[in-house]
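Peer 1:
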Amino acid sequence: MSQLVSALSRLPGIGRRSAERIVFYLLKARHDEVDELSRLLIAVKANVLFCETCHNFSDQKTCHICRDPGRDPGLICVVEDPKDVIAIEKTGIFVGLYHVLLGALSALEGIGPGELRIQDLVERIKKGRVREVILATNPNTEGETTALYIAKVLKPLPIKISRIAHGIPVGSMVEYADQATLSRAMDHRTAL
Ligand SMILES: [Zn+2]
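Taking my numbering, the leading residue of the sequence shown gets 40, the next gets one more, and so forth.
1) Closest to L129 by CA distance: which of S222, L88, A230 is it?
2) For the putative contact between A224 and I203, defined by C-beta atoms under 8 Å, what is the C-beta separation to the nearest angstrom?
3) For C116, verify whether its CB is less than 6 Å away from any heavy atom of ligand 1.
4) Once you ignore the five residues that flank E183 on each side, which residues in its own chain have a CB closer than 8 Å to its CB?
5) Could you tell me the distance, in whole angstroms, from the CA atom of L66 to the CA atom of A85?
6) Tell me which residues share the same chain as L47 and place their Cβ nearer than 8 Å to its Cβ, disregarding the 5 neighbours each side in the sequence.
7) One question on the structure: do V118 and V124 come within less than 7 Å of each other, judged by their Cβ atoms?
8) Can you give me the start and stop residues for the beta strand (DSSP E) that E171 sits inside?
9) Pop quiz: E171 and I198 are said to be a contact at Cβ under 8 Å. What is the actual Cβ separation, rounded to whole angstroms?
10) Hey, quick one: how far does the beta strand (DSSP E) through C93 stretch, first residue to last?
11) Please list, following the chain, all residues that have a C-beta closer than 5 Å to any non-hydrogen atom of ligand 1.
12) Using DSSP's beta-bridge definition, name the partner residues of Y137.
13) Taking only three categories from DSSP, how would you classify T229?
Below you can see the structure in the form of structure tokens.
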């Protein structure tokens, strides 16, 4: 039981108290409810893939956004996490494609450029068609460092590079910004 409490407290947003409450709940729950939960936990990893092109969550080799012929392939929005794709998609203002880095540069956590999907982004751009890359990493230290690093790497390429405006309060995350703020930050992006 203490092993399960420790495992649950490693999940984002769940502290030790919450983990204990979940375990107590599970102990009292019906067998079929717990069976269903464990089945879903295993299935989430088995069925969800990352898109080969943009690294967003996908149920196929290529995600539904990359497959959509209505999207503008000349515009790529770079985000840290698949959750940011969901947040920006909710605004409905972005018609281009995404590139998910699956993290941000962090000296503290030992995450360097090699751990992120930055080289893949360079390869995508080199294939042509891309006119503009919008850097929509989070407005915190890691996100800013990542945006500056990518801007430097992409500088030699013949494309426009922009950063979303600082409409999002510093330190808050793209995924938590409300839709109006996020739309404004996209609209008022600045060239780097
Ligand atoms: Zn994709």
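Note that the Cβ used here is the ideal one computed from N, Cα and C, for glycine as well.
Since the model is a prediction, treat every value here as computed from it, not as a measurement.
Peer 2: Taking the geometry as given:
1) A small correction: the amino acid at residue 129 is Lys; Leu does not occupy that position in the sequence shown. For K129, the nearest C-alpha among the options comes from S222.
2) About 4 Å separates the two Cβ atoms, so the contact holds.
3) For C116, the shortest separation between its Cβ and any heavy atom of ligand 1 does not lie below 6 Å.
4) Shown here for E183: same chain residues with a beta carbon closer than 8 Å to its own, the five before and five after excluded, namely T176 in chain order.
5) Approximately 26 Å, taken between the alpha carbons.
6) Cβ within range, chain order: I53, S57, A58, I61, V62.
7) For the 7 Å CB-CB criterion, V118 and V124 form a contact.
8) It spans 171-174 - the beta strand (DSSP E) in which E171 sits, taken as one unbroken run.
9) That pair is a contact at about 6 Å.
10) Neither: C93 is in no beta strand (DSSP E) and is coded neither H nor E.
11) Having a Cβ closer than 5 Å to some heavy atom of ligand 1 are C90, T92, C93, N95, C102, C105.
12) Beta-bridge pairing links Y137 to C116.
13) Looking at T229 - three-state DSSP - the assignment turns out to be strand.
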